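Here the structure is laid out as structure tokens; the discussion comes afterwards.
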Amino acid sequence: MNVLKIALIGKTGCGKSATGNTILGRKEFESKASAKSITQSCSKAQYYVDGRSIAVVDTPGLYDSSLSNDEVSDEMMKCISVLAPGPHVFLLVIQIGRFTAEEKHAVEYIKKVFGKGAEKYIVILFTRGDDLEEEERPIEDYIKNAEPALKKLVADCGNRFHVFNNRQKERTQVKKLLQNIDHMVEENGGSFYTNEMLQDAEAKRKLGKRETAAIIGPLVRRHRENTTERSRTDSKCFFFPGWERPHFHINSLIGQIRAHAFSKRHYP
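Heads up: the sequence shown is residues 0 to 267, going by numbering that gives the first Met the number 0.
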């Protein structure tokens, strides 16, 4: 492999940009404490590390309040073309001791954006490793005693993880991370996540939306027709005033959707 290509993904404030700087051994990405994402669009930097060329792309923070989910997703997808033909690894950055509700669903979010096949390209990088150093506690022990959701996240990523102290100047931690990534790339047959994979994921996402619309559309139309008919009856009904009936109509619609989905699943 000529250039190792790394895409950084993580929640705002997790130490993503600082991690990019640590990997490259120089300050390429703006990094400071902030309630909103400092990185608003994909930013790429490339440098030689231990005699090999490393390209790193920093992406906007997941679930950032200053950007819509669609804007974040669009920027994340741009990292594929910025690292053309694609990244070897998605480095999912999570801060030690700060495992949030959003991060519990991080892998599902990545699969939603990049497709199910993306999970075999993910390595979890825990930041704030200095907190563990102060406790003289290995990262394996931290994960072993973590909440079930974090254990599941690590398992979903093939138990590929590493820990960083972004304040440390010593380069051993970077060498070990690159070794972990090289091992994963080897397991993937030397491949990287390509634009073709992204297009396939996008096509499946659009197909799913069309199938959902095809199922729900007729049910919604039927619901409207029933609502119109029932509203005529409601005006004559003493026991069910018109303002109460929408609740029953909605429950009826939900029941129809569930029944339809069940029949599609079990009787294709």
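Glycine included, every Cβ here is placed at the ideal spot set by N, Cα and C. Remember, it's a predicted structure, so these values are computed and weren't measured experimentally.
Among the options, the one whose alpha carbon lies nearest that of residue i
{"i": "S80", "options": "R97, V92, Q94 and A54", "result": "A54"}
{"i": "M76", "options": "Y108, T11 and R136", "result": "Y108"}
{"i": "K143", "options": "N158, L23 and L176", "result": "N158"}
{"i": "L23", "options": "N1, I123 and Y47", "result": "Y47"}
{"i": "Q94", "options": "I138, K110 and A44", "result": "I138"}
{"i": "D69", "options": "L82, K111 and S30", "result": "K111"}
{"i": "L176", "options": "F163, N187, E186 and E169", "result": "F163"}
{"i": "I5", "options": "D199, D181 and M196", "result": "D181"}
{"i": "R27", "options": "L131, V56 and E169", "result": "The question names Arg, but residue 27 in the sequence shown is Glu. For E27, the nearest C-alpha among the options comes from V56."}
{"i": "H172", "options": "K150, E146, E132 and N187", "result": "According to the sequence displayed, residue 172 carries Gln and not His. Ranking the options by Cα distance to Q172, first place goes to E132."}
{"i": "L124", "options": "H161, R136, A145 and Q167", "result": "H161"}
The alpha helix (DSSP H) enclosing residue i, as first and last residue numbers
{"i": "K151", "result": "P147 to D155"}
{"i": "Q172", "result": "T171 to E186"}
{"i": "Y280", "result": "The chain is shown from 0 up to 267; residue 280 falls before or after that span and cannot be answered."}
{"i": "E132", "result": "G128 to E134"}
Contacts around residue i, its chain only, beta-carbon distance under 8 Å, and the 5 residues preceding and following it disregarded
{"i": "L106", "result": "In the sequence under discussion, the amino acid at residue 106 is Val, which differs from the Leu named in the question. So the list reads L91, E118, I121, L152, D155 and C156, once near-sequence residues are dropped."}
{"i": "A148", "result": "F98 and K103"}
Close beta carbons around residue i, own chain, < 7 Å, minus the five adjacent residues each side
{"i": "E74", "result": "S40, C41, T58 and P59"}
{"i": "N269", "result": "The chain is shown from 0 up to 267; residue 269 falls before or after that span and cannot be answered."}
{"i": "K10", "result": "G60, L61, Y62, T99, E101 and E102"}
{"i": "K263", "result": "Unreliable positioning characterises K263 in this predicted model, as indicated by a pLDDT of 49, which lies under 50. A coordinate reading is not provided."}
Same chain, Cβ closer than 6 Å to residue i, five either side skipped, listed in chain order
{"i": "V184", "result": "H87"}
{"i": "V2", "result": "S52 and A54"}
Terminal residues of the beta strand (DSSP E) in which residue i lies
{"i": "G14", "result": "G14 -> no beta strand (DSSP E), and no H or E assigned at all."}
{"i": "F28", "result": "Unbroken run through F28: none, as it is neither H nor E."}
{"i": "F160", "result": "F160 to V162"}
Residues bridged to residue i (per DSSP)
{"i": "L3", "result": "I53"}
{"i": "Y192", "result": "Answer by DSSP bridge pairing: none, since Y192 is not bridged."}
{"i": "K43", "result": "V56"}
{"i": "I8", "result": "L91"}
{"i": "L124", "result": "V92 and H161"}
Chain C contact for residue i (CB, 8 Å cutoff)
{"i": "K150", "result": "Judged by its chain identifiers, the structure shown contains no chain C, having just a single protein chain."}
What are the complete beta strand (DSSP E) segments, minimum 3 residues, inside the segment 54-120? 88-94
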